[in-house]
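Engineer: Pasting a structure below so you can have a look.
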Amino acid sequence: MNGTQRRWSSLGLIAMTDLQLEAVREDSGLHMHWQGRRSYRARVPSPRVLEIDRDLSVGDGDYGGNMIIEGDNLQVMLSLRSQYSESFDVVYIDPPYNRGGNDFRYSDARFHDPDADGDDAAYVSNEDGERHTKWLNFMAPRLVAIKNLMAEHGVLFISINDIELGRLLMLADEIFDESNRIGVITWKGSSDNNPSRIVIEHEYIVCYAKNIKKVPARWSTPEDEVKEALLEQYTAICAEVESHGEREAAWRRLMKANKDALGRLARYTNLDEEHGPYQVAYRVHNPKAGGYRYGVTEKGIVKAAAKTSYAMPLNGYRFPPETMQRFIDEGRIVFPAKRTQIVQMKDYLAEYRGALRSVIELDSRGGSYRLKALFGDDFDGFRFPKPPELIAMLVGAAGGKDALVLDAFAGSGTTGDGVLMLNKADGGRRRFVLIEEGAVGDQYARNLVAERMKRVIEFEKLETGFAFMTTGAQLDRAAILNLERDKIASVILQTDRSGTKSGIRPIHDGKLVIGANARGEALALRWNGAEDSEVNTAVINDALREAAELSLKSPVRIYGTTCTVSETRSFTFCQIPDEILASLHYEEETDDIA
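Under the working numbering, the first residue of the sequence shown is numbered 10, with each subsequent residue one higher.
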């Protein structure tokens, strides 16, 4: 204790340490301070080899652009950076809620060294006085890694409950900036009749943009696609049936048959002869006192309520008399059977605009029902799975039909299921990347996530697949030069710059050719170890010939340690390990950490 601290202590006061004074000077505004805040951005793991497991993968070689990756999500996200930096359109994560049970596993070794294997990870209990600090130290570097992988227009959704909601919002405000907070959704997923002070029937979904100025001002939801499909069906009914009564009957049969898949649009069961399908909307009343007061009859507005007019809403009407008269003239008002009832309005399906709302009501049991449908009624292998309909709603709103979707906390694989469900519904080409480490003694990335995606593809009869990847050795210059050929081929497929945002399709039956990018250009590898991997005229000719036989294009990107021939339009030389290290930003990371 120095002199100043002793003086403060003698007066019964607490002196600030030098570190605390520096933090106050450095930061402005409202922020959290916890042990670890000043260093979480520097805790960056080394990239890893991501190796494909063909036995656990599903597909014909290109795997539909989908990936399931088994490993620590922070280590994996840093390993994806070479090809997927600023690439993901939508990210959804369902991180630990820190409930205090078998929910949140924390590794102190990984906190100090993100390259550690995490064997010391243990569940954090409610009695742990550092439980919130540990959760922040776990989440902070992962949110930074996610932000780096998001496209400039990218959107992040985070499921959470009220235990960590406040800290999550402050942490995300710090990393993404409060100006990029899009909103907080309340999801009512259950009903609970158990006695309590406050019965909890909801949780939250926090939404942030990487750059809100790049996000469209209005999102088009999957309901918009369904609306267009329904209107096409209505047009077909009108072409086949002449009488209005028969059209109404045919329309109601159609709506009843598709009720479960229509969501909010299932309410549009009525038909107007001129404007088509509509729902009865209960919105003529004023939401608060002070509304317009007049009488309404089938013929029009009367100045005061009379025996011939319908009941007036308690707070009066929300529309002025001239607007209500126009609605009556247009046939938009629905008159009830009794004068003691309030008139209502027609909301036409053609005018419907879908929206992602701040309050969602969706049965949370749908997640368990889906797993039982895929694995059997006795399945009980995962707690609290999210319903795939929820993910489809979020991804469908924030991303286009070709969106690239990341879930770094894949859990049971609900995000992949939701993406495939959405693609089937609207013909989209969305792709997913799911990351899951599993738990000690329970590798459910392969036992549950991969198996679920396989069953979804079979159950829904989908023409797609996925690559299953495992996390291998750390990568640096020495490690790369000591890799065997199949391992270094995996690294090249993972890092080659021509695969940015789209990845590299592996070629398994080539002698030199190991993959192809989205443009159909071949990648080749000459590798017999660091001392004997020269690219010469014979290697170049063999690679070009093999690429042509595989119907691939040039220029062929040929990897090796040295090259004796100048590059041409037909081939590009990529030096090992420099090309790989540059793609991994390895030197930049070393400088930053130092």
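Glycine included, every Cβ here is placed at the ideal spot set by N, Cα and C.
1) Would you kindly work out how many angstroms separate the C-alpha atoms of Gly529 and Asn550, rounded to a whole number?
2) Are the region 195 to 208 and the region 360 to 372 touching, with three or more C-beta to C-beta distances below 8 Å?
3) So His284 is in the alpha helix (DSSP H); what residue range does that whole segment cover?
4) By the three-class DSSP mapping on this structure, what secondary structure does Ile400 have?
5) Is the beta carbon of Glu79 closer than 7 Å to that of Ala454?
6) Would you check if the distance between the CB atom of Tyr357 and the CB atom of His253 is smaller than 7 Å?
7) What's the C-alpha gap between Ile207 and Asp201?
8) Relative to the alpha-carbon of Tyr72, which residue among Gly512, Ile567, Val414 and Asp386 has its alpha-carbon at the smallest distance?
9) Quick check on Lys381: buried or exposed, where buried means 16 or more other Cβ atoms within 10 Å of its Cβ?
10) Going by beta-carbon coordinates alone, are Arg52 and Pro204 separated by less than 7 Å?
11) With a threshold of 16 other CB atoms inside 10 Å of the CB of Asp98, please say whether the residue is buried or exposed.
12) Return the residue from the list Thr317, Leu271, Glu95 and Ala487 that minimises the CA-CA distance to Ile351.
13) Among residues of its own chain, excluding the 5 on either side of Asn8, which ones have a beta-carbon nearer than 7 Å to its beta-carbon?
14) So, helix, strand or coil for Leu590, using DSSP?
15) Where Ser55 and Glu237 are concerned, what is the direct C-alpha to C-alpha distance, given to the nearest angstrom?
16) Using CA coordinates, which residue listed in Lys219, Ile172, His162 and Asp171 is at the minimum distance from Ala181?
17) Quick check on the burial criterion: 16 or more other C-beta atoms within 10 angstroms. Buried or exposed for Gly538?
18) Using the Cα positions of Ile497 and Gly436, report the straight-line distance between them to the nearest angstrom.
19) If you run the structure through DSSP and keep just helix, strand and coil, what is Cys583?
20) Note down the Cα distance separating Val1 from Ala557, rounded to an integer number of angstroms.
21) Tell me whether Asn537 sits in a helix, a strand or coil according to DSSP, three-state version.
22) Looking only at its chain, what residues have a beta carbon closer than 7 Å to the beta carbon of Met333, apart from the 5 residues adjacent to it on each side?
23) Please identify the residue among Ala459, Ala417, Glu472 and Tyr568 whose C-alpha is closest to the C-alpha of Ile155.
24) Within 10 angstroms of the Cβ of Tyr303, are there 16 or more other Cβ atoms? Answer buried if so, exposed if not.
25) Grouping DSSP H, G and I as helix and E and B as strand, with all else coil, what is Glu95?
26) Out of Met402, Asp389 and Asp387, point me to the one whose CA is closest to Ser367's CA.
27) Does any residue of chain D have a CB that is nearer than 7 Å to the CB of Lys395?
28) Here's the rule I'm using: 16 or more other beta-carbon atoms within 10 Å means buried, otherwise exposed. How should Thr546 be labelled?
29) Quick check on Met41: buried or exposed, where buried means 16 or more other Cβ atoms within 10 Å of its Cβ?
30) Quick check on the burial criterion: 16 or more other C-beta atoms within 10 angstroms. Buried or exposed for Ala245?
31) Nearest CA to the CA of Val224: which residue from Asp426, Gly408 and Leu89?
32) Pull up the distance between the alpha-carbon of Ala313 and that of Leu263, whole angstroms please.
33) Rounded C-beta distance between Arg256 and Cys247? I'm assuming under 8 Å.
34) Roughly how many whole angstroms lie between the Cα atoms of Ile589 and Phe582?
35) Name the residue from Tyr287, Ala406 and Met478 whose alpha carbon lies nearest to the alpha carbon of Tyr277.
36) DSSP has Trp196 in a bridge; who is on the other side?
Structural biologist: Answer, in terms of the structure:
1) On the sequence shown, residue 529 is found 520 positions in, with the first residue counted as 1. On the sequence shown, residue 550 is found 541 positions in, with the first residue counted as 1. Cα to Cα, the separation comes out at about 18 Å.
2) yes
3) By one-based count along the sequence shown, residue 284 stands at place 275. Per DSSP, His284 belongs to no alpha helix (DSSP H) and is neither H nor E.
4) As a working mapping, residue 400 is identified with position 391 in the sequence shown. Correct three-state label for Ile400: helix.
5) Residue 454 sits at position 445 when you count from the first residue of the sequence shown. Residue 79 sits at position 70 when you count from the first residue of the sequence shown. Taking 7 Å as the Cβ cut-off, Ala454 and Glu79 qualify as a contacting pair.
6) Counting from one through the sequence shown, the residue named residue 357 turns up at place 348. Counting from one through the sequence shown, the residue named residue 253 turns up at place 244. No; because the gap between Cβ atoms is not below 7 Å, this pair is not in contact.
7) Working through the sequence shown from its first residue, we reach residue 207 at position 198. Working through the sequence shown from its first residue, we reach residue 201 at position 192. Their Cα atoms are separated by approximately 10 Å.
8) Here residue 72 corresponds to residue number 63 of the sequence shown, with the count starting at 1. Of Gly512, Ile567, Val414 and Asp386, the residue nearest in Cα terms is Gly512.
9) Numbered from 1 along the sequence shown, position 372 holds the residue referred to as residue 381. By the Cβ-count criterion, Lys381 is exposed, with fewer than 16 other Cβ atoms from all chains shown falling within 10 Å of its own Cβ.
10) Residue 52 sits at position 43 when you count from the first residue of the sequence shown. Residue 204 sits at position 195 when you count from the first residue of the sequence shown. No; because the gap between Cβ atoms is not below 7 Å, this pair is not in contact.
11) Working through the sequence shown from its first residue, we reach residue 98 at position 89. So Asp98 ends up on the buried side.
12) Here residue 351 is taken as the residue at index 342 of the sequence shown, counted from 1. The option with the nearest alpha carbon to Ile351 is Thr317.
13) Examination of residue 8 is not possible in this model, given that the chain is present from 10 through 603 alone.
14) Locating residue 590 in the sequence shown gives position 581, counting from the first residue. Leu590 falls in the helix class under three-state DSSP.
15) For the purposes of this step, residue 55 is taken as the residue at position 46 of the sequence shown. For the purposes of this step, residue 237 is taken as the residue at position 228 of the sequence shown. One C-alpha to the other measures close to 48 Å.
16) Residue numbering aside, residue 181 sits at position 172 when the sequence shown is read from its first letter. Ranking the options by Cα distance to Ala181, first place goes to Lys219.
17) As a first step, residue 538 must be located in the sequence shown, where it is residue number 529. The residue is exposed, with fewer than 16 neighbouring Cβ atoms inside 10 Å.
18) As a first step, residue 497 is located in the sequence shown; it is residue number 488 there, counting from the start. As a first step, residue 436 is located in the sequence shown; it is residue number 427 there, counting from the start. C-alpha separation (whole angstroms): 36 Å.
19) Along the sequence shown, read from residue 1 onward, the residue named residue 583 stands at position 574. In the structure shown, Cys583 sits in a strand (DSSP, three-state: E or B).
20) Look at the range of the chain in this structure, 10 to 603, and you will see that residue 1 is not part of it.
21) Translated into positions along the sequence shown, residue 537 becomes position 528. Note: Asn537 maps to coil in three-state DSSP.
22) Counted from its first residue, the sequence shown places residue 333 at position 324. Taken in chain order, the residues that qualify are Val305, Ile310 and Tyr326.
23) Along the sequence shown, read from residue 1 onward, the residue named residue 155 stands at position 146. Ranking Ala459, Ala417, Glu472 and Tyr568 by Cα distance to Ile155 puts Ala417 first.
24) In the sequence shown, the residue the question calls residue 303 occupies position 294. Taking a 10 Å sphere around the C-beta of Tyr303, we find 16 or more other C-beta atoms and assign the residue as buried.
25) As a position in the sequence shown, residue 95 is number 86, starting the count at 1. Looking at Glu95 - three-state DSSP - the assignment turns out to be coil, as it is neither helix nor strand.
26) Position 358 of the sequence shown holds residue 367. Ser367 has its Cα closest to that of Met402, out of Met402, Asp389 and Asp387.
27) Of the protein chains in the structure, only one exists, and it is not chain D.
28) Start at 1 with the first residue of the sequence shown, and residue 546 comes out as number 537. It is exposed - the Cβ of Thr546 has fewer than 16 other Cβ atoms within 10 Å.
29) One-based indexing of the sequence shown puts residue 41 at position 32. The residue is exposed, with fewer than 16 neighbouring Cβ atoms inside 10 Å.
30) Your numbering for residue 245 matches position 236 in the sequence shown. It is exposed - the Cβ of Ala245 has fewer than 16 other Cβ atoms within 10 Å.
31) Counting from one through the sequence shown, the residue named residue 224 turns up at place 215. Ranking Asp426, Gly408 and Leu89 by Cα distance to Val224 puts Gly408 first.
32) Working through the sequence shown from its first residue, we reach residue 313 at position 304. Working through the sequence shown from its first residue, we reach residue 263 at position 254. So the alpha carbons of these two residues sit roughly 43 Å apart.
33) Here residue 256 refers to the residue found at position 247 of the sequence shown. Here residue 247 refers to the residue found at position 238 of the sequence shown. With 8 Å as the limit, Arg256 and Cys247 qualify as a contact, their Cβ atoms being about 6 Å apart.
34) Here the question's residue 589 lines up with position 580 in the sequence shown. Here the question's residue 582 lines up with position 573 in the sequence shown. Each residue's Cα considered, the two are about 12 Å apart.
35) As a working note, residue 277 is residue 268 in the sequence shown. Nearest option by C-alpha distance: Tyr287.
36) Stepping through the sequence shown from its first residue, residue 196 is reached at position 187. DSSP output for Trp196 lists Glu212 and Ile369 as bridge partner(s).
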